[in-house]
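Residue numbers (my numbering): -7 to 77. Note that the Cβ used here is the ideal one computed from N, Cα and C, for glycine as well.
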């Protein structure tokens, strides 16, 4: 597992404590890809949150939408992994 995936998984577990155990057990490549994408999205959100650029509020909204979608994907894939193990 990459450092990005580890960080993304940790953030997902904090964001969704009710699914923490399932998120911890999930280990498929697709789940780890989602974790990496979540971490990268978090970094992007932090950047745009601190930015004074005119488009920053639009970008913050887009990153929040992306992260919400990744959270749903993570829950779905983690549940699928649990069924397949």
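Using a Cβ-Cβ cut-off of 7 Å (strictly less than) and excluding sequence neighbours within five positions of residue i, which residues of its own chain qualify?
{"i": "residue 69", "result": "18, 20, 22, 23, 26"}
{"i": "residue 11", "result": "67, 70"}
{"i": "residue 65", "result": "26"}
Let's see if you can read the secondary structure: which residues bound the alpha helix (DSSP H) around residue i?
{"i": "residue 48", "result": "48 to 76"}
{"i": "residue 41", "result": "21 to 42"}
Quick one: residues in its chain with C-beta nearer than 8 Å to the C-beta of residue i, no 5 flanking neighbours on either side, listed in chain order?
{"i": "residue 74", "result": "14, 17, 18"}
{"i": "residue 48", "result": "40, 41"}
{"i": "residue 77", "result": "17"}
My guess is that residue i and residue j are in contact by the Cβ rule of under 8 Å, so how many angstroms apart are they, rounded?
{"i": "residue 58", "j": "residue 31", "result": "Contact flag wrong, Cβ pair sits at about 12 Å."}
{"i": "residue 50", "j": "residue 8", "result": "At roughly 26 Å, the Cβ-Cβ gap does not stay under 8 Å, so residue 50 and residue 8 are not in contact."}
For residue i, count the other beta carbons within 10 Å of its own beta carbon; 16 or more makes it buried, fewer makes it exposed. Which is it?
{"i": "residue 6", "result": "exposed"}
{"i": "residue 38", "result": "exposed"}
{"i": "residue 45", "result": "exposed"}
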